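Asker: From first to last, the protein sequence lines stand for chains C and G. One rule links them: number in this note's numbering = place in the first sequence (from 1) + 3. One rule links them: number in this note's numbering = place in the second sequence (from 1) + 324.
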Amino acid sequence: MRCDLSDRVALVTGAAGAIGSAIAKRLSDNGAAVVVADIDIGGAERVAAGLRNAMACALDIRNAQSVDAAIASVSERYGRLDILVNNAGVNTLAHRVTIDEFPPEEWDRITGIDLDGLYIMSRAALAPMLAAGRGGRIVNIASVVGLAAMRLQSPFVAAKAAIVHLTRSMAIELGAKGILTNAIAPGSVMTALTAKLFYNDDGKFAGRTQEFLAHVPLGRPARPEEIAEAVLFLASPAASYINGQVLAVDGGWTTGYMM
Amino acid sequence: MEIDLAGAAITLDGETNPIVDAVLAALRANGGHVVEGVPPRAAADILLISCPLRSGTKAGDPRSLYADARKAAVTMTERGGRIIFLISAVAGMPMRRHPRFSMENASILAGMRALAMEFGPRILVNAVGFGAVEDDTIVSGDKAMLSHTPVGRAGRIDEAVAAVLFFCDPLNSYTTGQMLGVDGGWAAGYGRNF
């Protein structure tokens, strides 16, 4: 789709990563000024350099001071904030264990970024949105595991399920103030990182990948651009009566059991 | 918003109403062309299945709708395409005063999801669930919905149309089996301060 975001300023967290950078690019391509925010400032700078009107911003969403500084820098540069995309998040590959064995420090790390960080970021970003009185958009990046639980990643599942419901809570609190909150729940997405997990050395899908893709009606992982397309729609002026929705962009994975 | 339908053939099964009229006009304006008849009698890239949207009406027989949609999907499989159900948001949030309408819509939604699983990856099947939408009069849902709608107003026709365009957009290529509510937050939770 194409839309006109030429007077809008968007902040994307985790924007140095594959999905975040695709979101930043899609918003930028449709005219938005984009704040490319990431804890990896070098990565953020590289992404921002490829966009039309963007600034890179160092951001640790666990740290309120870092978040406040980021919002202040956005206000200084652009004087407004219209769209917040809460994309930053982490999971674990090192601790694929059941909850009885899950290390508490790893639980704190994952929920601290995925859930607490989203709260800290949203709270800070809402201040300039509410003060300006122009309304705004928040798009939270949840996950299909927030809709259908999966094994061996309990803190990620818990945090993403919380984001799903927090999205609805934000929607009914902020809707009257003209701020619409929605979420995208991506399924598997092919990135440089996940490609190592999905493929064998011979370029064919690994056995475990084939196993889970058998549960996905579209039979393949998503491209980051496909997630970005849904974010663009929810951030666009056209989506002005969509609020509190959690849209799975998952190739049909959570539609039902493929049995 | 603009999308590029590149000459896609569009067909309609079901009733017309102001939302459907506006959807068809928008699809034409974005490069689609509307053909008469429905698959298997007509070739189509996009099939719109339009159900009654006003609370208290009959949404239709879900079994017949499913059977017709499945026949169409079989026909559409070779060239691929999209099927979009236009239903009420009560599919996901039943209303006490409208049990039959709620049940029918929920059942249509379940059928939509089953079709998405059966006909992926060739056909993407989705639904738009409309809350209270009005032009001069209510064309979807009812006025009672507004007391629970966080944005505090009914939707406009153009806002209803946008979600349908989103599901028709060739760039929106990884979404299937989903209902996107266009309801201002009506179904998100209790829009009141308790």
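Using N, Cα and C, we set each Cβ at its ideal position, and we do this for glycine too. Quantities reported herein were computed from a predicted structural model and do not represent experimental measurements.
Would you list the residues sitting across from Asp328/G in a DSSP beta bridge?
Answerer: Paired residue(s): none; Asp328/G is not in a bridge.
Asker: I need the straight-line Cα distance from Gly509/G to Thr257/C, nearest angstrom please.
Answerer: So the two alpha carbons sit approximately 22 Å from each other.
Asker: Give a yes or no on whether 8 Å exceeds the smallest Cβ distance from Arg437/G to chain C.
Answerer: Closer than 8 Å to some Cβ of chain C, the Cβ of Arg437/G qualifies, so yes.
Asker: Please state the DSSP three-state secondary structure of Cys2/C.
Answerer: Here chain C covers residues 4 to 262 and nothing more, so residue 2/C does not appear.
Asker: Helix, strand or coil: which one does DSSP assign to Glu109/C?
Answerer: Of the three classes helix, strand and coil, the one that applies to Glu109/C here is helix, per DSSP.
Asker: Starting from the beta carbon of Glu326/G, find every residue of chain C whose beta carbon is closer than 9 Å, and list them in chain order.
Answerer: The answer, in chain order, is Met4, Arg5 and Cys6.
Asker: Applying the 10 Å Cβ sphere with the 16-neighbour rule, what's the burial state of Lys467/G?
Answerer: Result: exposed.
Asker: Taking Cβ-Cβ distances shorter than 7 Å, what residues in chain G pair up with Phe159/C?
Answerer: Neighbours of Phe159/C on chain G: none; closest Cβ ~21 Å, over 7 Å.
Asker: Since Val249/C and Pro224/C are thought to touch, with beta carbons under 8 Å apart, how far apart are those beta carbons, to the nearest angstrom?
Answerer: Rounded, the Cβ-Cβ distance is 20 Å, inconsistent with contact.
Asker: Assuming Val463/G is part of the beta strand (DSSP E), what are its boundary residues?
Answerer: Element bounds for Val463/G: Ile462 to Ser464.
Asker: I'd like to know whether the C-beta atoms of Asp85/C and Arg137/C end up nearer to each other than 8 Å.
Answerer: Yes, they are a contact pair.
Asker: Let me confirm a value: Lys163/C is counted as buried when at least 16 other C-beta atoms fall within 10 Å, else exposed. Which label applies?
Answerer: Looking at its Cβ environment, which holds 16 or more other Cβ atoms inside 10 Å, Lys163/C is buried.
Asker: How is the alpha helix (DSSP H) around Val488/G delimited, first residue to last?
Answerer: Per DSSP, Val488/G belongs to the alpha helix (DSSP H) from Ile481 to Cys492.
Asker: Thinking C-beta only, is Ala188/C closer than 8 Å to Val147/C?
Answerer: In contact: Val147/C and Ala188/C (Cβ atoms closer than 8 Å).
Asker: Run through chain G and tell me which residues come within less than 9 Å of Ser172/C, C-beta to C-beta.
Answerer: Correct list: Ala512 and Gly513.
Asker: Spell out whether any CB of chain C is found under 8 Å from the CB atom of Asp466/G.
Answerer: No - not a single Cβ of chain C is within 8 Å of the one on Asp466/G.
Asker: Return the chain-ordered ranges of every beta strand (DSSP E) run that is complete within the region 9-82 of chain C and spans a minimum of 3 residues.
Answerer: If we require 3 residues or more, the beta strand (DSSP E) runs fully inside the region 9-82 of chain C come out as 12-16, 36-41 and 57-61.
Asker: Looking at the unbroken alpha helix (DSSP H) that takes in Ala158/C, where does it start and where does it end?
Answerer: Note on residue identity: the sequence assigns Pro, not Ala, to residue 158/C. Ser157 to Leu177 is the extent of the alpha helix (DSSP H) around Pro158/C.
Asker: Using beta carbons (cut-off 8 Å, strictly below), is Leu433/G in contact with chain C?
Answerer: So, not an interface residue.
Asker: Tell me the DSSP secondary structure of Met529/G in three-state form.
Answerer: Look at the range of chain G in this structure, 325 to 518, and you will see that residue 529/G is not part of it.
Asker: Around the Cβ of Gly515/G, are there at least 16 other Cβ atoms within 10 angstroms (buried) or fewer (exposed)?
Answerer: Classification for Gly515/G: buried.
Asker: Between Ser125/C and chain G, is any beta-carbon pair separated by less than 8 Å?
Answerer: For Ser125/C, the answer is no, since every Cβ of chain G falls outside 8 Å of its Cβ.
Asker: Tell whether a beta-carbon distance below 8 Å holds between Val475/G and Ala179/C.
Answerer: Cβ distance < 8 Å, so Val475/G and Ala179/C count as in contact.
Asker: For Val506/G, which residues in chain C fall below 7 Å Cβ to Cβ?
Answerer: Here the neighbours are Tyr244 and Ile245.
Asker: Using beta carbons (cut-off 8 Å, strictly below), is Thr258/C in contact with chain G?
Answerer: It does; some Cβ of chain G falls within 8 Å.
Asker: Using only the alpha-carbon positions, how far apart do Ala72/C and Ala128/C sit?
Answerer: Computed Cα separation, rounded: 11 Å.
Asker: Strictly below 8 Å CB to CB, what residues from chain C border Phe518/G?
Answerer: None at all; the shortest Cβ gap to chain C is about 11 Å.
Asker: Whose Cβ in chain G lies nearer than 9 Å to the Cβ of Pro227/C?
Answerer: Correct list: empty, because the minimum Cβ distance to chain G is about 10 Å.
Asker: Given a threshold of 16 other Cβ atoms within 10 Å of its Cβ, counted over all protein chains shown, does Ile102/C qualify as buried or as exposed?
Answerer: The residue in question, Ile102/C, is exposed, as its Cβ has fewer than 16 Cβ neighbours within 10 Å.
Asker: From the DSSP output, which residues share a beta bridge with Thr184/C?
Answerer: Bridge partners of Thr184/C: Ile141/C.
Asker: Can you find a C-beta in chain G that's less than 8 Å from the C-beta of Pro220/C?
Answerer: Yes - at least one Cβ of chain G is within 8 Å of the one on Pro220/C.
Asker: Could you check if Leu200/C is buried or exposed, using at least 16 other CB atoms within 10 Å of its CB as the buried criterion?
Answerer: By the neighbour-count rule (16 or more Cβ atoms within 10 Å), Leu200/C is not buried but exposed.
Asker: Going along chain G in order, which residues have a C-beta closer than 8 Å to the C-beta of Leu265/C?
Answerer: Here chain C comprises residues numbered 4 to 262, so residue 265/C is not present and cannot be evaluated.
Asker: What residue does the alpha helix (DSSP H) around Gln387/G start on, and which one ends it?
Answerer: The question names Gln, but residue 387/G in the sequence shown is Arg. Unbroken alpha helix (DSSP H) run through Arg387/G: Pro386 to Met400.
Asker: Would Gly453/G and Met419/G qualify as a contact pair, given that the criterion is a beta-carbon distance under 8 Å?
Answerer: Contact flag unset, no.
Asker: State the Cα-Cα distance for the pair Asn517/G and Leu495/G, rounded to the nearest angstrom.
Answerer: The straight-line gap from Cα to Cα measures roughly 40 Å.
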